[in-house]
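Per the numbering used here, residue 10 is the first one in the sequence shown, and the count goes up by one each step.
Positions of the beta carbon are idealized from the N, C-alpha and C atoms, including for glycine.
Right, one structure below, let's go through it.
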Amino acid sequence: MKYLLFLLGLISATAQARYEKHIDSALDFLAHYQTTGREGYEPGQWRSRVTSYVPSAIGVGRFGVAYDEPSAFSAAATSNVLAETYFYNPHLGKIPPMVRKTALGLAPYRWGNLFNFYPPSSFKGVPTRGPRNMYLAPQWKGFANIPPDADTTSVTHTYLHLLKSLEAGQSPRHKAAALPEEVIDAFSSARDLSRLPHTYNAAQLHVNTGAFMTWLWDEKDPDMPRNIFAAPHRGTRIPFNVNDVDCVVNANVLKLLTYARKTEGPGYQASCRHLNRVVEKRQFYFCGMYYPSRYALPYAMAATINAGASCLEPSRQKLLNYILALQHKDGSWRNSFMARPDYAHSTAWALNTLLILGDPKNEWHRERVRRGVNFLLSQAQKDSTGKLFWSGQVFFAATFVARFPVVWRSTGYTTALAVKALTLADLRWN
Numbered sequence: 010m011k012y013l014l015f016l017l018g019l020i021s022a023t024a025q026a027r028y029e030k031h032i033d034s035a036l037d038f039l040a041h042y043q044t045t046g047r048e049g050y051e052p053g054q055w056r057s058r059v060t061s062y063v064p065s066a067i068g069v070g071r072f073g074v075a076y077d078e079p080s081a082f083s084a085a086a087t088s089n090v091l092a093e094t095y096f097y098n099p100h101l102g103k104i105p106p107m108v109r110k111t112a113l114g115l116a117p118y119r120w121g122n123l124f125n126f127y128p129p130s131s132f133k134g135v136p137t138r139g140p141r142n143m144y145l146a147p148q149w150k151g152f153a154n155i156p157p158d159a160d161t162t163s164v165t166h167t168y169l170h171l172l173k174s175l176e177a178g179q180s181p182r183h184k185a186a187a188l189p190e191e192v193i194d195a196f197s198s199a200r201d202l203s204r205l206p207h208t209y210n211a212a213q214l215h216v217n218t219g220a221f222m223t224w225l226w227d228e229k230d231p232d233m234p235r236n237i238f239a240a241p242h243r244g245t246r247i248p249f250n251v252n253d254v255d256c257v258v259n260a261n262v263l264k265l266l267t268y269a270r271k272t273e274g275p276g277y278q279a280s281c282r283h284l285n286r287v288v289e290k291r292q293f294y295f296c297g298m299y300y301p302s303r304y305a306l307p308y309a310m311a312a313t314i315n316a317g318a319s320c321l322e323p324s325r326q327k328l329l330n331y332i333l334a335l336q337h338k339d340g341s342w343r344n345s346f347m348a349r350p351d352y353a354h355s356t357a358w359a360l361n362t363l364l365i366l367g368d369p370k371n372e373w374h375r376e377r378v379r380r381g382v383n384f385l386l387s388q389a390q391k392d393s394t395g396k397l398f399w400s401g402q403v404f405f406a407a408t409f410v411a412r413f414p415v416v417w418r419s420t421g422y423t424t425a426l427a428v429k430a431l432t433l434a435d436l437r438w439n
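Here you go:
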């Protein structure tokens, strides 16, 4: 295993690199636009923007205005995709410096060994959390004073493991991720057991699943403000005071625990069973409270299977069949019209899923990959200096009541997904 990177490099060097120039240009774009700490972001991030489509009078942003919104989640998610791409092809020497830089901006988001989505702020001298730039009316400021969450924590710790593996020149599966007990305890404590379900989960019959919940906080904490409009300094609170189960969040937690080889602990197998049931029932679009996409879960599960999560293998063929069934004749995949249909981002997620789970020896799969790659390339844009990028489309969303009208986009993340897809297509499918 310790020679994996060398062997991958040897294979990639002999492969026909049809997309080398596209990949190289896109990596130049990502390197050029990675933040330095002088743009209102911490160092090592890429711009992510949140846009609200609710009437401005409600006070959640201004209608249609894209606000720059730094977060540990967006930064770590983008660097994860880049690091995974590098493990596929370690000749992509422009990737490691970018992955390293992301670590420089993580400290403000730490909550002990957990991570918070929002950067720190203060209200009446009390430390709080909340968006740095997005306008919120006074009644909503406390609503955003949220605790650490399982998604940001798992994605960021996965990033730290990938970074450590990259620096050691080893596959991320070579050595178990060093995961603090505080993180494992937090995941174990926030599970969907013997509780009243979130209304969104209840509507899908996701009740007492045993799976991991999103917020790493006790929903029965007597000190948590019960008035959702309580001012920020009144305390940290889970949105609407009720924890929830999100399928994509669970896939991300499973990925981290798989890398850490913590597969027998509380919640791991229950989370696997939950995701396998979701796939069986084809609940792809609605199971992600924070991910209004048909393709977020297939991609997250494919990446988790690729990390070694054998418990999700029963869903492999179903995921593949789902992706193949939804591809359009022009090679694209498209999201539901309810989530402002996007093409580039959906195609990048779905195409990566096909590239990871598909069979390069299957001519039907190969033809679908060819169509997908051609469509993805047709969506590429150029900045003023000619660097390729893919414009950010719907990535994730706010709480369930704002699942469609308040969404985040990240050109950095979408471009990284495109780079990963082109790299896999060159390496495995040429």
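Buried or exposed by the 16-neighbour rule on C-beta atoms within 10 Å, applied to Asp-255: buried
Ordered along the chain, which non-local residues of its own chain (more than five positions away) have a Cβ less than 7 Å from that of Ser-196? Per the sequence presented here, residue 196 reads as Phe, with Ser not at that position. Excluding positions up to five away in sequence, the list reads Ala-159, Phe-221, Val-262, Gly-276.
Quick check on Val-382: does DSSP put it in helix, strand or coil? helix
Thr-167 - containing alpha helix (DSSP H), residue span: 159 to 177
Please return the same chain residues whose Cβ sits closer than 7 Å to the Cβ of Pro-117, not counting the five positions on each side in sequence. Glu-51, Pro-128, Pro-129
Please classify Lys-110: is it buried, with 16 or more other beta-carbons within 10 angstroms of its beta-carbon, or exposed? buried
Which whole-angstrom value describes the C-beta separation of Arg-377 and Leu-321, a residue pair presumed to lie in contact below a C-beta threshold of 8 Å? 22 Å between Cβ atoms; not a contact.
Reduced DSSP secondary structure (H/G/I, E/B, other) of Leu-145: strand
Look at Asp-435 and Ala-92 and say whether their C-beta atoms are less than 9 Å apart. no
Count the other CB atoms within 10 Å of the CB of Glu-48; is the residue buried (16 or more) or exposed (fewer)? exposed
Opening and closing residue of the beta strand (DSSP E) in which Phe-346 lies: Looking at the DSSP string, Phe-346 is not in any beta strand (DSSP E), and its letter there is neither H nor E.
List the residues that DSSP assigns as beta-bridge partners of Arg-418. Arg-58, Val-403
Return helix, strand or coil for Ser-394, following the three-state DSSP convention. Checking the sequence shown, residue 394 turns out to be Thr, not Ser. Coil at Thr-394, not helix or strand.
Looking at the secondary structure, which residues open and close the beta strand (DSSP E) in which Arg-138 lies? 135 to 138
Give the secondary structure of Tyr-118 by DSSP, where H, G and I count as helix, E and B as strand, and everything else as coil. helix
Considering just the uninterrupted stretch of the alpha helix (DSSP H) at Pro-64, what are its terminal residues? It is not in any alpha helix (DSSP H) - Pro-64 carries neither H nor E in the DSSP assignment.
Quick one: residues in its chain with C-beta nearer than 7 Å to the C-beta of Pro-414, no 5 flanking neighbours on either side, listed in chain order? Ser-61, Tyr-62, Val-63
Whole angstroms are fine: how far does the CA of Ser-180 sit from the CA of Leu-450? As displayed, the chain neither begins before 10 nor continues past 439, which places residue 450 out of reach and without an answer.
From Arg-138, Arg-235, Leu-363, Asn-315, residue whose alpha carbon lies closest to that of Tyr-304: Leu-363
Closest to Trp-438 by C-alpha separation, out of His-41, Lys-327, Tyr-97, Lys-150, would be which residue? Tyr-97
Please report how far the alpha carbon of Asn-217 lies from the alpha carbon of Asp-232, in whole angstroms. 25 Å
Alpha-carbon to alpha-carbon, Val-164 and Gly-421: 16 Å
Run through the DSSP bridge pairs and tell me what Ser-130 is partnered with. Thr-137
In three-state terms, what does DSSP make of Trp-224? strand
Tyr-76 lies in the beta strand (DSSP E); which residues open and close that run? 75 to 77
Quick check: what's the CA-CA separation for Tyr-299 versus Gln-213? 15 Å
Please report how far the alpha carbon of Arg-291 lies from the alpha carbon of Lys-184, in whole angstroms. 34 Å
Using a Cβ distance threshold of 8 Å, determine whether the stretch 140 to 156 contacts the stretch 235 to 249, with at least three qualifying pairs required. yes
Can you give me the C-alpha to C-alpha distance between Asn-361 and Tyr-144, rounded to a whole angstrom? 35 Å
Across which residues does DSSP place Leu-123 in a beta bridge pair? Trp-120
Could you have a look at Phe-196 and say whether DSSP puts it in helix, strand or coil? helix
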